[in-house]
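Below: one structure, written as structure tokens.
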Amino acid sequence: MSVSGSLPEEWKLANIIPVFKKGDKFFVENYRPISLLCVVSKVFQRCVLNKLRDHLLQLLNSSQHGFTPGRSCTTQLVEVLNYIGSLLDSGKQTDVIFMDMSKAFDKVSHTALVNKLANYGIRGSLLNWFSHYLHGRQQHVTTLGATSSKKTVSSGMPQGRILGPILFLLYVNDLPDAVENSRVACFADDTKIFRCVDSISDAAFLQSDLSNLENWSTSSGLVFNQLKCKCLRVTRKIQPTTYPYKIKDKELTTTSVEKDLGIWVASDLTWTKHVLERCAKANKLLGFVRRSAGEISNSRTRRKLYLSVVRPVFGYASQVWSLQTIGLIRRIERVQRRASKFILNLPYLCDESYRDRLISLEQIPLSYWHEYMDLVFFFQAVNGLIDVSKDVLPQPTIPTRSSTLNASMSKETQTKVKFSYNRGSRKVLVDVKHGITVWFTGELATALGFDQDTLIEKKTSSLYAADINGGFSSMYVYSDIVDAQFVCDVKVPLLRSNR
1 MSVSGSLPEE
11 WKLANIIPVF
21 KKGDKFFVEN
31 YRPISLLCVV
41 SKVFQRCVLN
51 KLRDHLLQLL
61 NSSQHGFTPG
71 RSCTTQLVEV
81 LNYIGSLLDS
91 GKQTDVIFMD
101 MSKAFDKVSH
111 TALVNKLANY
121 GIRGSLLNWF
131 SHYLHGRQQH
141 VTTLGATSSK
151 KTVSSGMPQG
161 RILGPILFLL
171 YVNDLPDAVE
181 NSRVACFADD
191 TKIFRCVDSI
201 SDAAFLQSDL
211 SNLENWSTSS
221 GLVFNQLKCK
231 CLRVTRKIQP
241 TTYPYKIKDK
251 ELTTTSVEKD
261 LGIWVASDLT
271 WTKHVLERCA
281 KANKLLGFVR
291 RSAGEISNSR
301 TRRKLYLSVV
311 RPVFGYASQV
321 WSLQTIGLIR
331 RIERVQRRAS
341 KFILNLPYLC
351 DESYRDRLIS
361 LEQIPLSYWH
371 EYMDLVFFFQ
381 AVNGLIDVSK
391 DVLPQPTIPT
401 RSSTLNASMS
411 KETQTKVKFS
421 YNRGSRKVLV
431 DVKHGITVWF
441 TGELATALGF
451 DQDTLIEKKT
461 SSLYAADING
471 GFSSMYVYSD
481 IVDAQFVCDV
491 KVPLLRSNR
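At position 483 of the sequence shown (counting the first as 1) the number is 483 in full-length UniProt numbering, and the numbers step up by one without a gap.
Below is the structure:
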């Protein structure tokens, strides 16, 4: 197969199983196609990908965060919102255009993709193999015990295939090159362009890039859905600069809040809508768990259900939005309050305080858990475990008397501080790469209630770092963290209420 540049026809046949999502069952758009493929074919594709991965990943544009090692939705959101937040703190306006491609994965031209692979240095029998892999694919649908006739697939990425994601990234890899005057961020087919807008001329530059993207989409065979493309103006100006951005001579809708990679982003970078949406979803899932596990009396099993089903709702991209007002922190904490009573099988009106429930469950308040997630992200970024721009990391600073004023900072100043992880009680890090162990150890010492000058042994700190995705496990750890009222005075009322 590697010599002839071909593969068996049976390997190119997909059995499609439609899975209902939601809505009207009589509309085909409400079904998700699941491709069942030849297992041997997937193994062979994995072998090909393992040989080519390093070469292909080096070709990807730096603005692409989808399907790449060390990158994720969170890394993209942190980089983009840190940049926009810094402009917001400076009193500037940033216009963000969210682009939506209609069925991008289904409209990829096989011939154009093969030509792009040739431009990226793939030649000979390997290029012939990719051409044979893409062309002449067939599929049939099986549902309710019946199977349709075979149909040839003339375009689109092969669904369920190992090579599909990386091939799609190569197909859209030249998209950022069409943006000349603005910044661009991509996650697979999800694209947004943004620019600081101080005048109409700045907005005109952004419109020029929109036109360039429209030309790119025409040449690539991918279509932007004008109805789903939105404009978000991030500013606190009373009179912001307005401009009628257009695609295909149709003006884009300007919105005050837009969902970006699962996060609701508001025009003033406040997170009320996102937190309320997360709380509603978490409460819905908690209700589902209560109904489904009502006959389960074991607290350990109930705790695992909560940690695996409900709490992750508040964990996704929390590094972006977790710095909240007191009211929003309390709303988030209410979910865990109710969950703790369910786990321990306690009535709504119970004598056991929230603090005691957390200690017995070896849990910490969700606001502290978010701080822990921040530490995990920071540790991974500094040590190269994730690929994120160094602009979001703090520069080592020497604490001064003015650093104690951080708690009274204005809202505008706090926007960028969210991503700095730099607080006055931390020790000086002469070199971030070398000093992360000292920094992380000092943070653990603070969280556990030890004196800041009495560091935990490096061995112990390394054990925590090695199990960084897990969490704390000792009973005394939870007790000390729950009792650590000095961590943030704002959160003390969250622990004093009995309910």
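Don't be surprised by glycine CBs; every beta carbon is placed ideally from N, CA and C.
First and last residue of the uninterrupted alpha helix (DSSP H) at residue i
i, result
"Ser35", "Counting along the chain, Ser35 falls outside any alpha helix (DSSP H), though it belongs to the beta strand (DSSP E) covering 31 to 36."
"Glu371", "366 to 382"
"Gln325", "For the sequence presented, residue 325 should be read as Thr rather than Gln. Neither: Thr325 is in no alpha helix (DSSP H) and is coded neither H nor E."
"Arg300", "299 to 305"
"Ser386", "Note on identity: in this sequence residue 386 is Ile, with Ser being the wrong assignment. Per DSSP, Ile386 belongs to no alpha helix (DSSP H) and is neither H nor E."
"Arg357", "354 to 361"
"Tyr316", "Segment: none, Tyr316 is in no alpha helix (DSSP H) and carries neither H nor E."
"Phe67", "Neither: Phe67 is in no alpha helix (DSSP H) and is coded neither H nor E."
"Gly164", "164 to 171"
Close-in-space but distant-in-sequence residues of the same chain around residue i (CB under 7 Å, 5 per side omitted)
i, result
"Val100", "With the sequence shown as reference, residue 100 is identified as Asp, and Val is not the correct amino acid for it. Within the same chain, Asp100 has close Cβ partners Phe224, Asn225, Lys228, Cys229."
"Ala203", "Asp95, Val197, Thr241, Tyr243"
"Ala339", "Leu286, Tyr306, Val310"
"Leu222", "Met101, Ala104, Lys107"
"Thr68", "Leu57, Leu60"
"Ile247", "Leu210, Glu214, Phe224, Gln226, Cys229"
"Ser199", "Thr241"
"Glu10", "Cys38"
Between the CA atoms of residue j and residue i - distance to the nearest angstrom
i, j, result
"Val428", "Asp374", "Low confidence applies here, because Val428 scores a pLDDT of 30, under 50, leaving its location unreliable and the question unanswered by this model."
"Ser367", "Arg236", "27 Å"
"Glu29", "Trp321", "33 Å"
"Asp24", "Ile17", "18 Å"
"Arg161", "Cys73", "22 Å"
"Thr147", "Pro165", "28 Å"
"Tyr306", "Phe314", "12 Å"
"Ser6", "His110", "16 Å"
"Leu276", "Ala112", "44 Å"
"Tyr348", "Ser308", "23 Å"
"Asn115", "Asp391", "36 Å"
"Phe378", "Leu206", "33 Å"
"residue 528", "Gln45", "This structure cannot speak to residue 528, because the chain is shown only from 1 to 499."
"Gly124", "Val80", "40 Å"
"Leu117", "Leu127", "7 Å"
"residue 500", "Leu213", "Not covered by the structure: residue 500. The range shown for the chain is 1 to 499."
"Gly85", "His132", "48 Å"
"Leu323", "Ile122", "47 Å"
"Leu134", "Leu36", "17 Å"
"Ser154", "His140", "14 Å"
"Phe168", "Gly136", "18 Å"
"Thr413", "Asn283", "Any reading at Thr413 must be qualified, since the residue scores a pLDDT of 40, below 50, and its modelled position is unreliable; the value itself is stated next. Taking the straight line joining both Cα atoms gives about 33 Å."
"Thr142", "Ile34", "10 Å"
"Glu352", "Thr301", "21 Å"
"Lys259", "Val265", "6 Å"
"Lys411", "Ser220", "Annotation note: pLDDT 44 at Lys411 (below 50); position unreliable, coordinate value reported separately. Whole-angstrom Cα-Cα distance: 44 Å."
"Ser182", "His55", "28 Å"
"Ile193", "Ile386", "23 Å"
"Ile296", "Glu371", "32 Å"
"Val179", "Thr191", "11 Å"
"Pro8", "Leu170", "25 Å"
"Ser63", "Thr325", "32 Å"
"Leu252", "Ile97", "9 Å"
Own chain, CB closer than 6 Å to residue i, minus 5 neighbours either side, in chain order
i, result
"Phe20", "Tyr31"
"Gln138", "Leu13, Lys150, Thr152"
"Met409", "With a pLDDT of only 45 at Met409, under 50, the local geometry of the prediction cannot be trusted, and the value read off the model is given with reservation. Excluding residues within five positions, none has a Cβ falling inside 6 Å."
"Trp271", "Trp321"
"Gly66", "Phe187, Ala188"
"Leu87", "Thr94, Cys196"
Which residues DSSP lists as bridging residue i, in chain order
i, result
"Ile343", "According to DSSP, Ile343 bridges with nothing at all."
"Asn50", "Answer is none; Asn50 lacks a bridge partner."
"Asp190", "Phe187"
"Thr147", "Thr142"
Bounding residues of the beta strand (DSSP E) (the contiguous stretch that carries residue i)
i, result
"Phe20", "13 to 20"
"Phe187", "183 to 187"
"Lys25", "No beta strand (DSSP E) holds Lys25; DSSP gives it neither H nor E."
"Lys151", "151 to 153"
Sequence-distant residues of its chain with Cβ nearer than 8 Å to residue i (five each side left out)
i, result
"Ser299", "Ile343, Leu344, Asn345, Leu361"
"Arg177", "At residue 177 the sequence reads Asp, which differs from the Arg that was named. So the qualifying residues of the chain are Asn61."
"Val257", "Leu232, Trp264, Val265, Ala266, Ser267, Lys273"
Cβ-heavy atom distance, residue i to the ligand GTP, below 7 Å
i, result
"Ser149", "Summarising the ligand content, the structure contains no ligands, and the ligand GTP is consequently not present."
Please list the segments of the alpha helix (DSSP H) lying wholly inside the segment 79 to 142, counting only runs of 4 or more residues, in order along the chain. Fully enclosed alpha helix (DSSP H) runs of 4 or longer: 110 to 119, 124 to 134.
Residue ranges of each alpha helix (DSSP H) run of no fewer than 4 residues wholly in the segment 194 to 282, ordered along the chain? The segment 194 to 282 contains these whole alpha helix (DSSP H) runs: 200 to 220.
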